[in-house]
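**Q** Submitted below is the structure of interest, expressed as structure tokens.
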Amino acid sequence: MRQKPSGIVTLITDFGLSGEYVGALKGAILRVNPRCQIVDITHQIDPQNILQASFVLQKCYSYYPPGTVHGVVVDPGVGTRRRAAVVEKDKYFFVGPDNGVFSGLLSAGGEIRAREIIRKEYFFTPLSDTFHGRDVFAPVAGHLSLGLDPAKLGPGVKNLVRIDFPDPRRGKGHLVARILWADSFGNLITNVTRDEYGRKLESPFQIRGKGWIIDRLSRTYGEGKPGQPLALFGSGGLLEISVNLGNARKTLELDPGNSITIQFGREKI
Amino acid sequence: MRQKPSGIVTLITDFGLSGEYVGALKGAILRVNPRCQIVDITHQIDPQNILQASFVLQKCYSYYPPGTVHGVVVDPGVGTRRRAAVVEKDKYFFVGPDNGVFSGLLSAGGEIRAREIIRKEYFFTPLSDTFHGRDVFAPVAGHLSLGLDPAKLGPGVKNLVRIDFPDPRRGKGHLVARILWADSFGNLITNVTRDEYGRKLESPFQIRGKGWIIDRLSRTYGEGKPGQPLALFGSGGLLEISVNLGNARKTLELDPGNSITIQFGREKI
Amino acid sequence: MRQKPSGIVTLITDFGLSGEYVGALKGAILRVNPRCQIVDITHQIDPQNILQASFVLQKCYSYYPPGTVHGVVVDPGVGTRRRAAVVEKDKYFFVGPDNGVFSGLLSAGGEIRAREIIRKEYFFTPLSDTFHGRDVFAPVAGHLSLGLDPAKLGPGVKNLVRIDFPDPRRGKGHLVARILWADSFGNLITNVTRDEYGRKLESPFQIRGKGWIIDRLSRTYGEGKPGQPLALFGSGGLLEISVNLGNARKTLELDPGNSITIQFGREKI
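Residue numbers (my numbering), protein chains in the order written: chain W, 159 to 427; chain S, 159 to 427; chain F, 159 to 427.
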């Protein structure tokens with residue numbers, strides 16, 4: 159039996175919050191379903207950062223009521239040959255470009271069904287070359303929130319585009335982690351997952367920087383003295399470098415793209 | 159017959175997203191109509207930039223369901239003599255200060271009806287001097303979303319304030335365009351409309367900058383090599399200068415207010 | 159009789175607008191009550207600025223329909239011993255950490271009832287250490303918006319944490335005010351309340367800076383010449399320093415944390 163829609167459509171885009179893009183996108187959804195509730199997850203994905211969009215989607219989608227439609231519009235290839243896709247997983251619907259934004263869904267395992275969106279009767283016409291968010295994904299999301307069967311949108315596809323986080327680089331007795339991005343508190347989120355490295359980090363380790371050292375895992379952001387750096391697994395399951403009551407990005411002068419080295423074992427004298 | 163309300167109220171303001179202004183505005187709408195759906199178009203109009211608000215409104219409003227109330231609160235003259243207005247056009251309602259924010263509606267042609275908002279029984283009282291968004295436009299928008307006849311709000315007015323985009327300056331064999339603003343991708347939006355100049359730009363032309371040249375119109379942001387500048391008509395119908403997978407504003411060192419020259423004809427050797 | 163819920167949940171957080179935090183928070187509310195309307199007041203409280211969150215809440219909450227649930231998640235002590243609280247005042251419900259975010263409600267006087275939130279059957283489990291917004295406050299807000307009796311959440315508490323604005327410092331014939339923050343227009347909001355100092359400022363006074371002087375109270379932001387500094391009581395009842403059609407923060411080179419001196423009496427020659 160098909161999943162009943164929740165009437166909720168969420169949005170993850172890199173449109174930013176100025177300009178007319180977000181407004182037109184929302185209008186085009188409501189035009190199809192004036193009763194749906196639109197929920198902004200974020201419009202501030204770093205421009206064209208497909209990996210970040212995929213991560214945010216993965217960390218959010220399952221908190222919503224079953225039958226929610228998640229729209230992900232980070233679409234640097236709009237108007238080129240990339241496919242438009244509708245995906246079904248865990249009782250949710252997802253729409254967006256098939257360029258990797260669904261990677262987080264794929265990597266999590268579980269049953270997944272995908273279709274290419276080709277049926278123009280669900281688009282706004284004339285179809286623009288530069289704004290399929292408004293002309294394709296928005297009206298399709300609106301129709302899905304009304305209960306449209308995804309099978310009506312186009313043929314099934316396999317091999318959705320999948321891009322993965324860069325893995326941390328393992329060395330002899332150490333791990334080189336990458337800072338993926340910083341949140342608005344300045345916490346530095348790395349590519350070290352709790353699933354893979356959580357147990358390892360219960361053993362002694364050190365992370366060193368200019369004038370600072372972290373040698374144990376914290377449980378909360380409020381541990382240690384104010385201004386002191388700490389490491390913990392954040393709510394998304396990734397290792398973060400944080401500063402108690404401070405901004406790690408500014409204090410430690412580390413930015414997304416930078417590496418940090420986790421040295422295992424006790425400190426040598 | 160009067161247009162039935164959609165129950166949706168959209169917001170375009172220059173309030174920014176910190177502080178209490180947006181929250182008070184939304185509360186004052188919901189106080190009147192707890193069932194209406196409030197949709198943020200943007201709260202990041204450049205402070206007091208009436209022209210930009212007018213443009214965003216013009217590009218968004220018609221995607222919404224008929225009967226939607228669009229609130230535009232960019233109001234540098236709040237508390238002074240400027241009129242408060244309610245406008246009806248194309249089955250939509252608009253409320254805001256009569257200071258030019260409705261210019262985009264006027265320039266598009268078509269039937270338009272406007273009234274001055276003077277009936278205090280629809281305001282919050284005591285009326286503040288500095289925040290008519292909360293005290294006038296919000297409750298009025300709430301009432302309109304419940305089906306209030308605009309005629310109840312005050313007398314009809316003609317000659318709504320209209321301000322226009324600066325036109326591009328035509329020279330002998332060239333056109334000097336103005337960069338109006340940049341979007342969050344760094345795309346530079348100019349005052350060259352597709353309506354007026356679309357056909358002209360199908361003939362040979364050149365736009366030159368420091369170390370770069372654009373000599374043809376692109377259709378999508380993904381054309382050309384990464385990092386290469388390109389020109390296209392954006393989804394709003396205005397000519398944009400963009401950089402494939404990059405940020406034109408930063409790369410080309412051009413800002414809103416700057417000019418670019420479009421030279422028509424083939425390059426001379 | 160208990161207050162009937164309005165079905166509206168508002169949010170004040172310091173999460174910022176990028177990342178997955180806001181999306182997960184909203185999902186966790188809607189998971190409990192898919193029909194509730196979520197309203198963003200702001201997610202841009204300065205990180206961990208409890209006083210600012212308290213102020214924004216105080217200035218906004220009463221515009222909403224009775225029965226609205228206001229969620230305030232500025233929670234530097236998450237996972238430590240601070241209490242989670244539900245508060246009832248003026249027919250509204252409030253949820254958040256008991257760390258001072260409710261100070262504005264307490265200082266306003268009037269009846270107030272508070273309870274500690276301890277009943278885990280209303281939480282998401284497993285409860286994380288770092289994100290009680292998603293795991294505690296969101297589902298509790300969802301349940302309250304469905305009509306849950308706050309008494310079900312835990313025992314009554316007295317002595318909610320209260321922190322206060324720093325008072326202006328009174329000197330002989332003058333007052334030293336603090337700039338608390340700047341809004342998105344660059345208006346500088348001070349700790350001088352209309353309630354306490356409104357009448358005093360009807361008498362002659364001067365505020366002086368580098369090359370500028372303000373010697374009277376304005377009523378609107380549009381008074382005086384463009385570019386001229388002015389002082390007025392903003393819609394929140396606090397004295398603001400503003401620049402007509404300009405940005406006071408930039409023009410006057412004053413920032414939050416800086417002081418200004420209000421000299422009473424007529425200027426001496």
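Even glycine gets a Cβ: it sits at the ideal position worked out from N, Cα and C.
Kindly list, in the order they appear in chain S, the residues whose Cβ is closer than 9 Å to that of Val-197 (chain F).
**A** Neighbours of Val-197 (chain F) across chain S, judged by C-beta separation under 9 Å: Gly-181, Lys-184, Gly-185, Leu-188, Ile-196.
**Q** Three-state secondary structure (DSSP) at Ala-242 (chain S)?
**A** strand
**Q** Could you round the C-beta distance between Leu-215 (chain W) and Ile-170 (chain W) to whole angstroms and report it? I think they count as a contact, below 8 Å.
**A** 6 Å
**Q** Taking the Cβ atom as the reference point for each residue, do Gly-300 (chain F) and Asn-416 (chain F) lie within a distance shorter than 8 Å?
**A** no
**Q** In chain F, what lies closer than 8 Å to Gly-292 (chain S) by C-beta?
**A** Residue identity differs from the one stated: residue 292 (chain S) is Arg in this sequence, not Gly. Simply Tyr-221, Ser-393.
**Q** Pull up the distance between the alpha-carbon of Gly-177 (chain W) and that of Asp-341 (chain S), whole angstroms please.
**A** 6 Å
**Q** Can you find a CB in chain W that lies within less than 8 Å of the CB of Thr-378 (chain S)?
**A** yes
**Q** Would you say Glu-178 (chain W) faces chain S, with C-beta separation under 8 Å as the test?
**A** yes
**Q** Can you round the beta-carbon distance between Gly-254 (chain S) and Val-230 (chain S) to whole angstroms, since I take them to be within the 8 Å contact cut?
**A** 4 Å
**Q** Quick one: which chain W residues come within Cβ less than 8 Å of Ile-166 (chain S)?
**A** Leu-188, Pro-192
**Q** Near Val-245 (chain F), what residues of its chain come up, given a Cβ to Cβ distance below 6 Å and the 5 sequence neighbours on each side ignored?
**A** Result list for Val-245 (chain F): Phe-252, Phe-260, Ala-272, in chain order.
**Q** Would Asn-349 (chain W) and Pro-326 (chain W) qualify as a contact pair, given that the criterion is a beta-carbon distance under 8 Å?
**A** Pro-326 (chain W) is positioned such that its CB atom lies closer than 8 Å to that of Asn-349 (chain W).
**Q** Does the contact criterion of 3 or more C-beta pairs under 8 Å hold for the segment 404-419 of chain S versus the segment 327-347 of chain S?
**A** With a cut-off of 8 Å on Cβ pairs, the segment 404-419 of chain S is in contact with the segment 327-347 of chain S, counting three or more such pairs.
**Q** What residues in the segment 228-252 of chain S bring their beta carbon closer than 7 Å to a beta carbon of chain F?
**A** Pro-234, Gly-235, Val-236, Gly-237, Thr-238
**Q** Below 6 Å CB to CB, which residues in the same chain sit around Ser-400 (chain S) once its five sequence neighbours on both sides are set aside?
**A** Asn-345, Tyr-379, Leu-388, Ala-406
**Q** Is the beta carbon of Thr-130 (chain S) sitting closer than 8 Å to the one on Leu-390 (chain F)?
**A** One cannot answer for residue 130 (chain S) here, as it falls past the ends of chain S, which runs 159 to 427.
**Q** Return no unless some Cβ of chain F is closer than 8 Å to the Cβ of Gln-206 (chain S).
**A** yes
**Q** Answer yes if the segment 220-229 of chain F comes into contact with the segment 195-209 of chain S, meaning at least three C-beta pairs across the two stretches below 8 Å, and no otherwise.
**A** no
**Q** Measuring alpha carbon to alpha carbon, tell me which of W:Ala-182, W:Phe-173, W:Leu-188 ends up nearest Thr-199 (chain W).
**A** Rather than Thr, the amino acid found at residue 199 (chain W) in this sequence is Ile. Ranking W:Ala-182, W:Phe-173, W:Leu-188 by Cα distance to Ile-199 (chain W) puts W:Phe-173 first.
**Q** Mark Asp-307 (chain W) as exposed unless 16 or more other C-beta atoms lie within 10 angstroms of its C-beta, in which case mark it buried.
**A** The residue in question, Asp-307 (chain W), is exposed, as its Cβ has fewer than 16 Cβ neighbours within 10 Å.
**Q** Taking only three categories from DSSP, how would you classify Arg-160 (chain S)?
**A** coil
**Q** Step through the CB atoms of chain W and report whether any lies within less than 8 Å of the CB of Phe-295 (chain F).
**A** no
**Q** With a threshold of 8 Å between beta-carbons, can Leu-175 (chain W) be considered close to chain A, or not?
**A** Looking for chain A here will not work: the only protein chains present are W, S and F.
**Q** Per DSSP, what kind of secondary structure is Leu-375 (chain S) in: helix, strand or coil?
**A** If DSSP states are grouped into helix, strand and coil, Leu-375 (chain S) belongs with the strands.
**Q** Any beta carbon from chain S within less than 8 Å of Phe-260 (chain W)'s own beta carbon?
**A** Chain S, which has no Cβ nearer than 8 Å to the Cβ of Phe-260 (chain W), makes this no.
**Q** For chain F, is any of its Cβ atoms less than 8 Å away from the one on Ser-342 (chain S)?
**A** So, not an interface residue.
**Q** Whose CA, out of W:Asp-373, W:Phe-422, W:Arg-277, lies closest to the CA of Arg-328 (chain W)?
**A** W:Phe-422
**Q** What span of residues does the beta strand (DSSP E) with Asp-307 (chain S) cover, start to end?
**A** Asp-307 (chain S) -> no beta strand (DSSP E), and no H or E assigned at all.
**Q** Any beta carbon from chain F within less than 8 Å of Thr-283 (chain S)'s own beta carbon?
**A** No Cβ of chain F is located within less than 8 Å of the beta carbon of Thr-283 (chain S).
**Q** Are the CB atoms of Gly-237 (chain W) and Arg-377 (chain S) nearer to each other than 8 Å?
**A** yes
**Q** Mapping DSSP to helix, strand and coil, what is Gln-440 (chain W)?
**A** With chain W covering 159 to 427 only, the question about residue 440 (chain W) has no answer from this structure.
**Q** Of all the options F:Pro-234, F:Ile-270, F:Tyr-219, which has the alpha carbon lying nearest to the alpha carbon of Glu-381 (chain W)?
**A** F:Pro-234
**Q** Output, in chain order, the set of chain S residues within a Cβ distance shorter than 7 Å of Lys-162 (chain F).
**A** The contacting residues do not exist; Lys-162 (chain F) stays about 11 Å from chain S at best.
**Q** Cβ of Thr-351 (chain F) less than 8 Å from any chain S Cβ?
**A** no
**Q** Which same chain residues, not among the five before or five after Asn-402 (chain W), have their C-beta less than 7 Å away from its C-beta?
**A** Here the set comprises Tyr-379, Gly-380, Glu-381, Gly-382, Lys-383, Pro-384, Gly-385, Gln-386, Leu-388.
**Q** May I ask you to report which of helix, strand or coil DSSP gives Pro-234 (chain S)?
**A** coil
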